[in-house]
Each structure stands twice: as structure tokens, then as C-alpha cells.
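Numbering (the numbering used here), first residue to last: 7 to 270.
Built from N, CA and C at the ideal position, the CB exists for glycine as well.
In this text the structure is predicted, and so the values were computed from the model without any measurement.
Single-structure report; data block below.
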């Protein structure tokens with residue numbers, strides 16, 4: 007009789023390797039996927055975890071060669087993660103600076119009077135005034151509670167601005183590229199700046215709003231191009247280059263400054 011029990015498939019053992027490169031050693035982990043056809047992607051997660059995402063049948067030798075070629079880039083990413091980790095923690099108080107569309111905004115925090123929010127609820131708020139982001143906090147909070155409330159207010163403001171600004175740019179570029187996205191969402195994506203689902207729904211990391219406008223445009227065009235080219239083969243990159251000729255420079259800026267955006 008056929009068994010109703012489902013077979014238990016063991017997960018493949020993780021592949022971990024160490025190579026000598028650029029005067030030091032690089033330890034990396036390989037993650038293989040059936041969905042990945044040709045491209046090999048290298049990601050460096052804090053503090054120094056090197057992940058290599060590859061198609062199933064990519065040889066170990068080819069992966070080692072790719073990691074060797076990217077050794078200097080990997081070292082820079084690890085150094086940036088280390089620099090972010092040693093920075094003084096942000097307290098969201100007057101005088102601190104944050105990034106918005108490639109520019110610095112100075113924070114100005116003050117205690118408001120009266121009621122906050124519907125029904126008198128104590129809800130902090132943030133409002134842009136020229137080159138400053140003014141944060142209004144409810145009275146009676148401790149210093150630690152003020153820092154946490156200001157952090158929430160800044161993130162809420164970022165998310166609101168990201169949805170409005172990125173949606174505007176998606177509409178503009180979609181018309182130029184003659185594509186029809188299913189919609190735009192912003193969310194807290196840990197490793198990606200943007201993604202395009204099979205239905206054409208676009209998701210963007212809300213932290214992208216910290217990047218210069220030309221970088222935001224590159225990410226928007228990148229995801230819109232996936233509506234026509236759901237891969238990273240040459241036809242996809244030709245499409246991106248048609249609308250953002252210097253896309254490689256914008257990608258370098260995002261790699262260089264991205265760790266700073268992620269610390270907020």
C-alpha cells in the first residue's frame with residue numbers, strides 16, 4: 007500500500023571554502039539555486055559573512071576565480087561594515103544629521119505642547135523644513151524614551167517620503183520605458199534595494215530615499231526593466247543602459263554608501 011508519509015528530504019550541506027586572495031584569506035559560503043540560471047552574486051553581510059549565490063552546476067573552481075577577482079571589493083565591504091559597527095549610536099537629538107535624497111538634513115528635536123494625535127494620544131511627528139527635519143515629541147518622556155520616539159518618527163517620515171517619491175519616479179520612468187508595473191510598495195528589505203515580482207508588483211527598500219536622485223532612478227529603471235526581462239542576461243542590461251547610461255557608476259555609489267543608509 008502507498009504510504010501517506012511524506013519523504014523527508016535532507017537540506018544540502020552548506021559549502022564553505024577559504025581562498026588566499028589580495029594578501030589575505032577570504033572565507034565564503036556558497037548557496038546554490040535551481041532558479042538561478044547563469045549569474046553569480048556575491049553579498050557581504052555584517053560583519054564579514056561572504057555569501058556567494060550561484061546556479062546549481064557552477065564549478066567550485068569558477069566560483070573561486072570569481073571570488074578572487076572580487077577580493078578587493080569584498081575587503082572594502084567588510085571594512086565598511088566594521089566602520090558602521092564602531093560608530094557612535096544615533097540618538098536622534100538636535101544637531102545630528104541624516105541623509106535624504108543625497109543631501110544632509112540636520113535634526114531639530116523639541117517638546118511639543120498640548121495633545122498629540124487623535125484622542126490626545128502621544129505620537130511624535132517629523133516635518134521637513136528646508137534643510138532640517140523637525141521632530142516634535144510629547145512631554146514627559148525620559149531621555150531614552152525621547153530617543154526611541156524620535157527614531158520611530160524619523161522612520162515613519164522616511165517611509166512616507168519613500169513611497170511618494172519613488173512612486174512618482176516609477177510613473178515617470180514607466181511611461182518612458184512603455185511598461186506597466188502592477189503597483190509600488192516600500193518595505194524593510196534586509197538585503198535588496200528593490201525587487202520585481204512575477205506580476206509586475208515593485209517593492210523598494212524605504213532606505214533608498216537616502217540615496218541621490220540619480221541612484222534612485224537607477225534602481226527604479228532596474229526594476230522596471232525586469233518587467234520585460236525577468237533575468238540579468240545581456241538583453242536586460244542593454245535595456246537598463248538605454249535609460250541610465252552610467253548605471254555602473256550609480257551601482258558603485260549604492261554599494262559604497264549603502265551601509266551608511268542601513269544604519270538608520
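Item checked: Three-state secondary structure assigned by DSSP to residue 71 -> DSSP places residue 71 in helix when its eight states are reduced to three.
Margin query: Give me the DSSP bridge partner(s) of residue 133.
Written below: Answer is 140, bridged to residue 133.
Note to self: Classify residue 187: buried if its beta carbon has 16 or more other beta carbons within 10 angstroms, exposed otherwise.
What the structure shows: Taking a 10 Å sphere around the C-beta of residue 187, we find 16 or more other C-beta atoms and assign the residue as buried.
Margin query: I need the DSSP call for residue 200, collapsed to helix, strand or coil.
Written below: DSSP places residue 200 within a strand segment (E or B) once states are collapsed to three.
Check: Is it true that the segment 55-67 meets the segment 90-104, where meeting means three or more beta-carbon pairs spaced less than 8 Å apart?
Finding: In the pairwise beta carbon analysis, the segment 55-67 is classified as not touching the segment 90-104: fewer than three pairs are separated by under 8 Å.
Next item on the list: Tell me whether the beta-carbon of residue 77 lies closer than 9 Å to the beta-carbon of residue 110.
Entry: In this structure, residue 77 lies away from residue 110, with their beta-carbon atoms at least 9 Å apart.
Note to self: I need the boundaries of the beta strand (DSSP E) containing residue 61, first residue and last residue.
What the structure shows: Bounds of the beta strand (DSSP E) holding residue 61 are 55-61.
Next item on the list: For residue 148, count neighbouring Cβ atoms within 10 angstroms of its own Cβ and tell me buried if that reaches 16, exposed if not.
Entry: Classification for residue 148: exposed.
Note to self: Three or more C-beta pairs under 8 Å: does that hold for the segment 148-159 against the segment 189-205?
What the structure shows: Segments in contact, no.
Item checked: Own chain partners of residue 108 with C-beta closer than 7 Å, once the 5 adjacent residues on each side are dropped -> Excluding sequence positions up to five before and after residue 108, its CB lies within less than 7 Å of the CB of 217, 218 and 219, all in the same chain and listed in chain order.
Checklist line | Stretch pair the segment 69-88 + the segment 51-61: three plus CB contacts closer than 8 Å | finding: Touching, per the Cβ criterion.
Checklist line | Euclidean distance between Cα positions of residue 115 and residue 105 | finding: Answer to the nearest angstrom: the Cα atoms are 16 Å apart.
Checklist line | Distance, residue 130 Cα to residue 120 Cα | finding: Note that residue 120 scores 48 on pLDDT, short of 50, meaning its location in the model is unreliable; the coordinates nonetheless yield the value given after this. Roughly 12 Å separates the two Cα atoms.
Next item on the list: Please classify residue 256: is it buried, with 16 or more other beta-carbons within 10 angstroms of its beta-carbon, or exposed?
Entry: Buried: at least 16 other Cβ atoms inside 10 Å.
Margin query: Below 8 Å on the Cβ atoms is my contact criterion, and I expect residue 35 with residue 22 to pass it. Report the Cβ-Cβ distance as a whole number of Å.
Written below: Correct: roughly 5 Å between the Cβ atoms.
Margin query: Pull the bridge partners of residue 51 from the DSSP assignment, please.
Written below: Answer is 55, bridged to residue 51.
Notebook entry, point to check: How would you call residue 68, buried or exposed, if buried means at least 16 neighbouring beta carbons within 10 angstroms?
Noted result: Exposed, by the Cβ-count rule.
Next item on the list: Tell me whether the beta-carbon of residue 243 lies closer than 9 Å to the beta-carbon of residue 224.
Entry: Contact flag unset, no.
Check: Would you call residue 232 buried or exposed, if buried means 16 or more other Cβ atoms sit within 10 Å of its Cβ?
Finding: Buried, by the Cβ-count rule.
Notebook entry, point to check: Going by DSSP, what residues sit across from residue 36 in a beta bridge?
Noted result: Answer is 21 and 58, bridged to residue 36.
Margin query: In the DSSP output, which residue or residues are listed as bridge partners for residue 30?
Written below: Bridge partners of residue 30: 27.
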